[in-house]
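Working notes for the structure below.
In this note's numbering, the protein residues as written are 4 to 313.
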């Protein structure tokens, strides 16, 4: 093994161990509180807010330690590398969210058809301060729409991707990073078994399904993070997807206006594929710090030929 290859292997081991430590710290923080209450109980949610926010605030320290151990010189401030920057922030806020809404065109149309409110009623609720006060005092809403999207994207995208990219390259990092994210969601199995929320077989099948779609979603937000160089886009997309939920394809196929709903499902997917690259064009977002990271001699770089930074 040449010195370059040895250096590349060491870099990859440092990245993988750092990411694994970060993932274990995040999931472990959820279980530092002993409780006999289910995960959706407000008291449990409040305690987990505390521990997960502490881990999230400390997560840049993992990146800094990795940088010091490997000797990587990013050439840009650490926070900018993690997606905290002002250049191009407006398109980075709007375009990924609009793109995700296009993908969910079918579910959104289905939701609007089944909603008893009309557009005026919906706008009145959306601009009513009492509605937002109600949301902000709902622990489950805060967890699903604010805390989980921000902390998970910070830990599993903003911190892990800068550590993985010098080892694997941009393309493979997009598909490596979500594996930590998907596996991290297996901790739900513990609680489901503990509170007997179904048979053992159904719980594990549900966990495999959840791992699959969280890994796919994680690859998508990793792609958004690399293409925009911002954290805000992945966080908003994550919050939106948590709100809409997994598309109810079965309900769509049984809908009274099935053909129309299915048409919008297919139209949304087609438009998403057409708009994916144009709406995430790095030209909208200025200099991308993660694209300037030095690369190792890892053979995984040969898999990373797609021009993600241009």
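We treat Cβ as the ideally placed atom computed from N, Cα and C, and that holds for glycine.
Asked                                                                                                                                                                             : Found
Count the other C-beta atoms from every protein chain shown that fall within 10 angstroms of the C-beta of residue 6, then say buried if there are 16 or more, exposed otherwise. : In this predicted model, residue 6 has a pLDDT of only 41, less than 50, meaning its place in the structure is not dependable; the value taken from the coordinates is given anyway. Exposed.
Since residue 383 contacts residue 99 with CB under 8 Å, what's their CB separation in whole angstroms?                                                                           : Because the chain spans 4 through 313 in this model, residue 383 falls outside it and cannot be assessed.
Which whole-angstrom value is the C-beta distance of residue 296 and residue 169, which I expect to be below 8 Å?                                                                 : 5 Å
Enumerate in chain order the residues of its own chain whose CB-to-CB distance from residue 128 is below 6 Å, with the five nearest sequence positions on each side excluded.     : 134
Short of 6 Å in beta carbon distance, which residues of its chain neighbour residue 258, apart from the five on each side in sequence? Order them along the chain.                : 264
Please state whether DSSP places residue 118 in a helix, a strand or coil.                                                                                                        : coil
Determine the extent of the alpha helix (DSSP H) in which residue 171 is found, giving its start and end residues.                                                                : 163-171
How big is the Cα-Cα spacing for residue 21 and residue 261?                                                                                                                      : 48 Å
Can you grab the Cα-Cα spacing for the pair residue 289 / residue 94, in whole Å?                                                                                                 : 10 Å
Given residue 220, which residues of its chain have a CB within under 7 Å of its CB, disregarding the five upstream and five downstream residues?                                 : 244
Output the distance between the C-alpha atoms of residue 68 and residue 75, rounded to the nearest integer angstrom.                                                              : 10 Å
Taking buried to mean at least 16 other C-beta atoms within 10 Å of its own C-beta, is residue 228 buried or exposed?                                                             : buried
In three-state DSSP terms, what is residue 72?                                                                                                                                    : helix
With DSSP collapsed to three states, give me the class of residue 156.                                                                                                            : helix
If residue 271 sits next to residue 108, beta carbons under 8 Å apart, how far is it from one beta carbon to the other, in whole angstroms?                                       : 3 Å
Any idea if residue 41 is buried or exposed, counting beta-carbon neighbours within 10 angstroms, 16 or more meaning buried?                                                      : exposed
Candidates 88, 156, 167 and 225: which alpha carbon is nearest residue 242's?                                                                                                     : 156
Classify residue 53 as buried or exposed, calling it buried when 16 or more other Cβ atoms lie within 10 Å of its own Cβ.                                                         : exposed
Answer with buried or exposed for residue 17, where buried requires no fewer than 16 other C-beta atoms within 10 angstroms of its C-beta.                                        : buried
Could you tell me the alpha carbon to alpha carbon distance between residue 294 and residue 226, rounded to whole angstroms?                                                      : 12 Å
Pair every Cβ in the region 76-90 with every Cβ in the region 160-167, then say whether three or more of these pairs are closer than 8 Å.                                         : yes
Can you tell me where the alpha helix (DSSP H) with residue 242 in it begins and where it stops?                                                                                  : 235-247
Expressed to the nearest angstrom, what Euclidean distance is found between the alpha-carbon atoms of residue 113 and residue 138?                                                : 23 Å
Check the C-beta distance from residue 105 over to residue 274 and give it rounded, since I have them as a contact under 8 Å.                                                     : 5 Å
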